[in-house]
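To keep things clear, I will list the structure first and then write my remarks on it.
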Amino acid sequence: MNKLNRKGQSICGEFKKYAFELRGYHFNGKSLSDVMLYSSEAEMLMGLLDEEINLSNLSSVFIV
Numbered sequence: 000m001n002k003l004n005r006k007g008q009s010i011c012g013e014f015k016k017y018a019f020e021l022r023g024y025h026f027n028g029k030s031l032s033d034v035m036l037y038s039s040e041a042e043m044l045m046g047l048l049d050e051e052i053n054l055s056n057l058s059s060v061f062i063v
C-alpha cells in the first residue's frame with residue numbers, strides 16, 4: 000500500500016503499480032447525484048496508514 004486518500008464522494012488509492020478511484024452515483028430521475036461511499040476495507044487501510052503500519056512487513060495477521 001503506497002497511498003490511500005478519501006475526498007468527498009470518492010475513494011482513491013494506489014496499490015503497487017495500480018491506481019484506482021471509486022465513485023458512486025444515483026439517478027434521481029433528472030440527473031446524477033453523488034453517493035457517499037463507505038468501505039470497511041478503506042477504513043482499515045486508513046487506520047494502518049495513520050499508524051504507519053506496512054502490511055508487507057507483517058509475517059502474519061490474526062484478527063479476533
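Following numbering that gives the first Met the number 0, the numbering of the sequence shown begins with 0 at its first residue and continues without gaps. Even for Gly, the Cβ is constructed at its ideal location relative to N, Cα and C. None of the values given here were measured: they were computed from a predicted structure.
Three-state secondary structure (DSSP) of residue i
i, result
"residue 32", "strand"
"residue 9", "strand"
"residue 57", "coil"
"residue 19", "strand"
Start and end residues, alpha helix (DSSP H) containing residue i
i, result
"residue 40", "39-49"
Presumed contact (8 Å Cβ cut-off) between residue i and residue j, rounded CB distance
i, j, result
"residue 36", "residue 9", "7 Å"
Spatially closest choice to residue i from the options, by CA coordinates
i, options, result
"residue 19", "11, 26 and 25", "11"
"residue 21", "13, 52 and 53", "13"
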